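Residue numbers (our numbering): 11 to 164. Where is the CB? At the ideal position from N, CA and C, for every residue including glycine. Given the structure is predicted, the values throughout are model-derived calculations rather than measurements.
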């Protein structure tokens, strides 16, 4: 039988309770199932009230977007979809068909700034999307930043 390498002997001589404590800290802090599904580190619920609060705001995003869509439709006089893209923030999206020469209704886009367009949609910033960028802000990025800040503190 070969002798055990010195590095392994040193490791085995260490107080194993420290490794058990570290393992418990990690499993209590990280939600591995959700992390695996989302392909990013997700802090477990109730570990950080700040992360929980930001996640709750992110969960309210659909309601915020629906309300913003309705308000922007009144402003533009055409159907508008409020969207949120991490790092880009809030944008208003209008079907490109409303900009063709065949369109029966022309969008009223006073003070709306075209950010980019695809084959089907145009994406704009306006007074309302700017306000949403300030509050609630880039919630997804804030959740991730707070998560990494928390993990680095350990």
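DSSP, reduced to helix, strand and coil, places residue 124 within a strand of the structure shown. Look at the beta carbons and you see the region 57-64 touching the region 143-161: at least three pairs across the two are nearer than 8 Å.
Fully enclosed beta strand (DSSP E) runs of no fewer than 3 residues occupy 91-95 and 99-105 of the region 37-120, in order along the chain.
With respect to the 9 Å criterion, residue 81 and residue 119 are not classified as neighbours on the basis of their beta carbons. Under the three-state reduction of DSSP, residue 130 is assigned to coil, being neither helix nor strand. With respect to the C-alpha of residue 72, the residue from 85, 95 and 62 having the closest C-alpha is 95.
Under DSSP, residue 135 shares a beta bridge with 123. Around the CB of residue 101, 16 or more other CB atoms lie within 10 Å, so the residue is classed as buried. According to the DSSP assignment, residue 24 belongs to no alpha helix (DSSP H), since it is labelled neither H nor E. With contacts defined by Cβ atoms closer than 9 Å, residue 93 and residue 133 form a contacting pair. Rounded to whole angstroms, the Cβ separation of residue 64 and residue 142 is 15 Å, and the two are not in contact under 8 Å.
Across the structure, residue 97 and residue 136 are spaced so that their CA atoms are roughly 17 Å apart. Straight-line spacing of the CA atoms in residue 125 and residue 45 works out to 32 Å.
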